[in-house]
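Chains as they are written, first to last, in this note's numbering: chain H, 1 to 166; chain Z, 167 to 332.
Glycine residues also receive a C-beta, built at the ideal position from the N, C-alpha and C atoms.
Here is the structure we will look at.
There are 2 protein chains.
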Amino acid sequence: MKLSEAKQKFIDSWGTFGTKWGINRTMAAVHGLLLCEEQAISTDEVMEKLGISRGNANMNIRALIDWGLVKKVYQPGERMEFFIAEKDIYKVAILITRERRRRELEPIREILKEVKEVEDKTAEGKQFKKMVNEIDEFAGFADNILEKLTKTDRLWMLKTFKKIMS
Amino acid sequence: MKLSEAKQKFIDSWGTFGTKWGINRTMAAVHGLLLCEEQAISTDEVMEKLGISRGNANMNIRALIDWGLVKKVYQPGERMEFFIAEKDIYKVAILITRERRRRELEPIREILKEVKEVEDKTAEGKQFKKMVNEIDEFAGFADNILEKLTKTDRLWMLKTFKKIMS
DNA sequence: TTGAATTTTCAATAATTTTTGAAACTTTTA
DNA sequence: TAAAAGTTTCAAAAATTATTGAAAATTCAA
Chain H
1 MKLSEAKQKF IDSWGTFGTK WGINRTMAAV HGLLLCEEQA ISTDEVMEKL
51 GISRGNANMN IRALIDWGLV KKVYQPGERM EFFIAEKDIY KVAILITRER
101 RRRELEPIRE ILKEVKEVED KTAEGKQFKK MVNEIDEFAG FADNILEKLT
151 KTDRLWMLKT FKKIMS
Chain Z
167 MKLSEAKQKF IDSWGTFGTK WGINRTMAAV HGLLLCEEQA ISTDEVMEKL
217 GISRGNANMN IRALIDWGLV KKVYQPGERM EFFIAEKDIY KVAILITRER
267 RRRELEPIRE ILKEVKEVED KTAEGKQFKK MVNEIDEFAG FADNILEKLT
317 KTDRLWMLKT FKKIMS
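Here it is, written out as structure tokens:
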């Protein structure tokens, strides 16, 4: 396999992978492209390499910046903005996990908290409360782990891994 | 909040939550509904309670069965099929994690394995390989943890939790 | 067997999500 | 300050994904 072919395959797959994680295909493809590029590249290069419009490129680059996965850099003498991806995959994983926790776990916990307060003494009501409580307890468990995981560094992660495996 | 209102809110939110996890809204809503029901219910009840068509109800119930989240049961004297959800939230989490690992992590690892084999001695090629290798190493780390997590039970999970937190 | 009850399939339609591209806006240079 | 260079916005269009509903297939009781 040639390098250009391998890069293409990686970028496409990263895009497809993104869709399964609730991220849109193009955002993930832009991320994949930037992971492949050692140097910062411009919006025009992203547009050209992925064959997408300026608006689309701009929006998805901004989204990646919001997630903390991409940084804006300026080239000396250049007026244009250039972009570079965080390459440390542990940091990438932490950033993604942190954002997903915030966007997915927190909202559901709020809902669970609300519906737990239901006033109902019937058997049906008790069963519902029990079910909701168990989900919330589990969500708390997951939340704690994710918080620890995302507040830490590679070393802690490796240590934890060893602990778990022992 | 009344019980019916709380259930409705829970079901709707579970549906929305699903969309963020790459599951379609209706599949998650059917799951939410079944989590609320102590007894097994029929396709017709699912259709009626969620206001969806027979085809839609059928497809999403089958999908939930594929994931192992729902079981088909027969009521004595009834020809119709009834469905009941797994209520143990730890088991639910394990089933979902197992399925997502299979659908999301495995395919990307296969791609990484392929693109790692690129023949290229240039600096650019080396950098690409290094990047892909790091991702694959991390994916392996995640894979191991998920495998352990999903091959085990609630007790192991709690023990692990304590280990991590200490 | 037969046929009524039930489940499944899938082409057509609807709903949702993504993308485009040009206008508006902002920043920088001359 | 003017205008060129670059960035952002967003309504309309395109693409994708989900849903319907009726026909086909299956199951089961008689």
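**OP:** Examine chain Z for any beta-carbon lying closer than 9 Å to the beta-carbon of H:E45, and answer yes or no.
**Re:** no
**OP:** Taking 9 Å as the cut-off, decide whether the C-beta atoms of Z:L169 and H:F128 are in contact.
**Re:** yes
**OP:** Check whether the Cβ of Z:E283 lies closer than 9 Å to any Cβ atom in chain H.
**Re:** yes
Original post:
Buried or exposed: which applies to H:S13, given that a residue is buried once 16 or more other Cβ atoms fall within 10 Å of its Cβ?
Top reply: buried
Original post:
Just checking, does the segment 225 to 236 of chain Z make contact with the segment 193 to 211 of chain Z on the three C-beta pairs under 8 Å criterion?
Top reply: yes
**OP:** Consult DSSP for H:S53 and reduce its assignment to one of helix, strand or coil.
**Re:** coil
Original post:
Do you know whose CA, among Z:C202, Z:T326, Z:E265 and Z:N310, lies nearest Z:A251's CA?
Top reply: Z:C202
Original post:
If we count the other Cβ atoms within 10 Å of its Cβ and call it buried at 16 or more, is H:N60 buried or exposed?
Top reply: buried
Original post:
Would you call H:V73 buried or exposed, if buried means 16 or more other Cβ atoms sit within 10 Å of its Cβ?
Top reply: exposed
Subject >> Z:E313, DSSP secondary structure in three states >> reply: helix
**OP:** Would you list the residues sitting across from Z:S208 in a DSSP beta bridge?
**Re:** Z:F248
Subject >> Three CB pairs or more closer than 8 Å across the segment 79 to 98 of chain H and the segment 144 to 157 of chain H >> reply: yes
Original post:
Where does the unbroken alpha helix (DSSP H) through H:V115 begin, and where does it stop?
Top reply: E106 to K116
Original post:
If H:M1 sits next to Z:K253, beta carbons under 8 Å apart, how far is it from one beta carbon to the other, in whole angstroms?
Top reply: Not a contact, Cβ separation roughly 48 Å.
Subject >> Span separating the alpha-carbon of Z:E270 from that of Z:E276 >> reply: 11 Å
**OP:** Could you tell me the boundaries of the beta strand (DSSP E) in which Z:K237 lies?
**Re:** V236 to Y240
**OP:** Can you pull the chain H residues whose beta carbon is under 7 Å from the beta carbon of Z:E313, in chain order?
**Re:** Under the 7 Å cutoff, chain H gives no residues; its nearest Cβ is about 11 Å from Z:E313.
**OP:** Answer with yes or no whether the minimum CB distance from Z:E265 to chain H is below 9 Å.
**Re:** no
Subject >> H:I89 versus H:E137 - alpha carbon distance >> reply: 30 Å
Original post:
What separation, rounded to the nearest whole angstrom, lies between the Cα atoms of Z:T209 and Z:K173?
Top reply: 19 Å
**OP:** Mind checking which residues open and close the alpha helix (DSSP H) that includes Z:I330?
**Re:** R320 to M331
Original post:
What first and last residue would you give for the alpha helix (DSSP H) that runs through H:W67?
Top reply: Here H:W67 belongs to no alpha helix (DSSP H), and DSSP marks it neither H nor E.
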